[in-house]
Ligand code: 13P
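Right, here's the structure in full:
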């Protein structure tokens, strides 16, 4: 598959007003979210939950792509249809998280992402299972002395190697250098760190000859740390995020997608809406690729109960619709309220 064909998949995933649903939590993360709600941490419950999400009626009206995990891409709907095929049958692009998690980078508590060994073979196998894109998440923390340039560089190098291997395998890379909300840093500090990280990531992507048109950059919005006493309005978050992106992300990049990163579902939608409010310059499609901000209300409602499955699906689709409206510049309190099925 050449770069133009990969760029066409990026367009399918990100143009218009649909978004990307992330359901690629590791088994441990999924189990801990289940445990908090008293749901049994079993393979069967994880399959039932992902089945509910993947088959939600109307999902394809607002969701263009879904990120699966290694466990989930091997699972099937109650009717026996593999999840990737169930998604494809509704014109939703299936993808896969391919990193295998985080390991300490050095003694100061920073992290680097693992999973490059054997990645080419895994990508080929996932592609046969129906994955058209792959995601790799690096995690960076802000503290007085962090992130260090060495840790950013190590993660940027791995992200670029991942992206190059993906494009070689005919799979669109979703390049995700996530800067965590944890801490009491200011919005300005987050903006400066975001720009610094993005510059080093793009230096590596260019050096490793990654086609920028055929990637999706996935990042956190520029936000004050969650413990910062001075929080920011949606308009200020939007202005800061777009300014940092314009300064550090080449216009050639296929698309930019936001993760939700622990924001409440409403806050994530309002901030996404502010980014699409008015004439702020946006050289790339700017979409959502939320995990928690799309799933959390549906999961809390479902709680493992079969008789709650249909209403949980409606709650998921409602959040997807609200975020779609945010992308369209059409989100408001009436849409949030009117369509709310809960
Ligand atoms: P959240 O939106 O819950 O941050 O998850 C998105 C994701 O894919 C993180 O890697």
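Residue numbers (the numbering used here): 9 to 350.
All residues carry an ideal CB built from backbone N, CA and C; glycine is no exception.
Values in this document were obtained by computation on a predicted structure and should not be read as measured data.
Residue environment: residue 10 is assigned as exposed (fewer than 16 neighbouring CB atoms within 10 Å of its CB, all protein chains considered). Cβ contact annotation for residue 164 (same chain, cutoff 6 Å, sequence separation greater than five): 208, 209, 212, in chain order. Within the stretch 217-271, the runs of beta strand (DSSP E) that reach at least 3 residues and sit entirely inside it are, in chain order, 224-227, 263-266. The alpha-carbon of residue 235 is positioned some 41 Å away from that of residue 98. Taking 7 Å as the cut-off, one finds at least one heavy atom of the ligand 13P near enough to the beta carbon of residue 186. Residue 70 and residue 263 have their C-alpha atoms spaced approximately 17 Å apart.
Annotated as distal: residue 246 and residue 206, with beta-carbon spacing of 8 Å or more. Assignment of residue 118 by DSSP, reduced to helix, strand and coil, places it in the coil class. Contact annotation: residue 267 and residue 203 have beta-carbon atoms that are not nearer than 8 Å. In this structure, the straight-line span from the alpha carbon of residue 322 to that of residue 103 is close to 23 Å. When the five nearest sequence neighbours on each side are left out, the beta carbons in the same chain lying within less than 6 Å of the beta carbon of residue 29 are those of 71, 74, 302, in order along the chain.
With a threshold of 7 Å, the Cβ atom of residue 227 does not count as near the ligand 13P, since no heavy atom of the ligand is closer than that.
Runs of the beta strand (DSSP E) lying entirely within the stretch 275-320 and spanning at least 3 residues, in chain order: 294-298. Ranked by Cα distance from residue 228, the first of 222, 284, 149 is 149. The C-beta distance from residue 25 to residue 336 rounds to 4 Å, short enough to fall under 8 Å.
Counted as a single uninterrupted DSSP element, the beta strand (DSSP E) harbouring residue 73 occupies residues 71-76. Counting every other CB atom within 10 Å of its CB across the protein chains shown gives residue 327 a total of 16 or more, marking it as buried. Annotation for residue 309: 316, 319, 320, 323, 350 place their beta carbon closer than 8 Å to its own, counting only its chain and skipping 5 residues before and after. As computed with DSSP, residue 183 is found in a beta bridge with 144, 225. Between the stretch 36-49 and the stretch 284-296 there are fewer than three inter-stretch CB-CB distances shorter than 8 Å, so the stretches are not counted as touching. Under DSSP, residue 87 takes part in no beta bridge, so it has no partner. Taking each of 214, 147, 233 in turn and checking the Cα distance to residue 189, the smallest one comes out for 233. When secondary structure is reduced to three states using DSSP, residue 101 falls in the strand class.
When beta bridges are read from the DSSP output, residue 49 appears opposite no residue. Sorted by chain position, residues whose beta-carbon lies closer than 5 Å to a non-hydrogen atom of the ligand 13P are 30, 145, 267, 268, 269, 298, 299, 300. Distance between residue 275 and residue 288, taken at the CA atoms: about 20 Å. DSSP places residue 343 in the helix class (H, G or I) of the three-state scheme.
Straight-line spacing of the CA atoms in residue 145 and residue 33 works out to 11 Å.
By the Cβ-count criterion, residue 111 is exposed, with fewer than 16 other Cβ atoms from all chains shown falling within 10 Å of its own Cβ.
For residue 111, there is no enclosing alpha helix (DSSP H); the enclosing beta strand (DSSP E) covers residues 110-112.
Residue 79 holds the alpha-carbon nearest to the alpha-carbon of residue 54 among 44, 79, 68, 220. When the beta-carbon positions are compared, residue 218 and residue 168 come within less than 8 Å of each other.
The closest CA to that of residue 120, considering only 159, 261, 258, 186, is found on 159. Annotation for residue 29: the continuous beta strand (DSSP E) segment containing it runs 27-30.
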